[in-house]
Amino acid sequence: GESVGLHLPTLSVQEGDNSIINCAYSNSASDYFIWYKQESGKGPQFIIDIRSNMDKRQGQRVTVLLNKTVKHLSLQIAATQPGDSAVYFCAEENTGFQKLVFGTGTRLLVSP
Amino acid sequence: DSGVTQTPKHLITATGQRVTLRCSPRSGDLSVYWYQQSLDQGLQFLIQYYNGEERAKGNILERFSAQQFPDLHSELNLSSLELGDSALYFCASSVERGFWAPTGGADRGGEQFFGPGTRLTVL
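First to last, the sequence lines map onto chains P and B.
If you count the first sequence from 1, position 73 lands on 84 in the numbering used here, and the numbers rise without skipping.
If you count the second sequence from 1, position 25 lands on 915 in the numbering used here, and the numbers rise without skipping.
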């Protein structure tokens, strides 16, 4: 199946480990951020979002952390499962411009 | 399954040709977005339509155009194709696109649901 390019940073973890995927965003004026998951042969899928007035948000097994000082975003996945294997993208938006800008992505490989 | 459909799944054509990619949004979604995903530039926003009208424009070339029809399906037209246009083209839809909410926001109907994509190969 088709997915993203081959030249992506890769994070390899064991099933059951916690995973942390990092993203450095570019625009200090961005005020909204999203993490997407893209499995092979599929389109991106929304995971979790966070606004710039927050520094942490939790979902089911996922947590997003935002550090505006250093323009850094991270996605933490607890108890990683083989089904979490995919490419993960962060996306940023300056809501005044109404356009999502995607990062290059990180490939997560989970071995049983 | 996101509920967004795209046709065709694969398209192979030659340089200089013109193609049309089609997208049917989820039932009830008024906004349609087009993205290009290539090996060297990742996922790039091209253009957005809301209820038939162009709402936002991204890195869309002049050789490319799009429209959204009264039944809310959308078409992306790519002309004078070049080798570098080879990519995955994704369509996404959301319930609405209020100016009060971020583009992809899960609140107020902004969450985008992506289709499976069309792989375009230009030879």
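Heads up, the beta-carbon is just placed ideally off N, CA and C, and yes, glycines get one too.
Bear in mind that the values here come from a model prediction, so they are computed numbers and not experimental data.
- In this model, residue 905 (chain B) and residue 974 (chain B) are separated by some 10 Å (Cα to Cα).
- For residue 1006 (chain B), the closest Cβ of chain P is nearer than 8 Å.
- Residue 23 (chain P) counts as exposed, since fewer than 16 other beta carbons sit within 10 angstroms of its beta carbon.
- Look at the region 911–957 of chain B and you find these whole runs of beta strand (DSSP E), each 3 residues long or longer: 921–928, 932–940 and 943–947.
- Counting C-beta pairs closer than 8 Å gives three or more between the region 81–94 of chain P and the region 23–43 of chain P, which meets the contact rule.
- With the rule of 3 Cβ pairs closer than 8 Å, the region 942–962 of chain B does not count as touching the region 999–1011 of chain B.
- Within the region 88–102 of chain P, the residues whose Cβ lies closer than 7 Å to any Cβ of chain B are, in chain order, 100 and 102.
- It is roughly 13 Å from the alpha-carbon of residue 29 (chain P) to the alpha-carbon of residue 96 (chain P).
- Here DSSP, grouped into helix, strand and coil, assigns residue 962 (chain B) to coil.
- With a threshold of 16 other beta carbon atoms within 10 Å, residue 35 (chain P) falls short and is exposed.
- At a cut-off of 8 Å between beta-carbon atoms, residue 954 (chain B) makes no contact with chain P.
- Against chain P, the CB of residue 918 (chain B) has no partner CB under 8 Å away; the residue lies outside that interface.
- When the Cα atoms are used, residue 965 (chain B) and residue 64 (chain P) turn out to be separated by approximately 37 Å.
- For residue 1011 (chain B), the pairing in a beta bridge is given by DSSP as B:902.
- Taking CB atoms only, residue 942 (chain B) has no neighbour in chain P less than 8 Å away.
- With 16 or more neighbouring CB atoms inside 10 Å of its own CB, residue 927 (chain B) falls in the buried class.
- Counting other Cβ atoms within 10 Å of its Cβ, residue 41 (chain P) reaches 16 or more and is therefore classed as buried.
- At a cut-off of 8 Å, the C-beta of residue 70 (chain P) has no neighbouring C-beta in chain B.
- Listed in chain order, the non-local C-beta contacts of residue 111 (chain P) below 8 Å within the same chain comprise 45, 102, 103 and 104, local neighbours out to five positions each way being set aside.
- With 16 or more neighbouring CB atoms inside 10 Å of its own CB, residue 1008 (chain B) falls in the buried class.
- Per the DSSP secondary-structure output, residue 970 (chain B) pairs with nothing in a beta bridge.
- Counting C-beta pairs closer than 8 Å gives fewer than three between the region 905–916 of chain B and the region 69–87 of chain P, which falls short of the contact rule.
- Listed along chain B are 932, each with a C-beta nearer than 8 Å to that of residue 115 (chain P).
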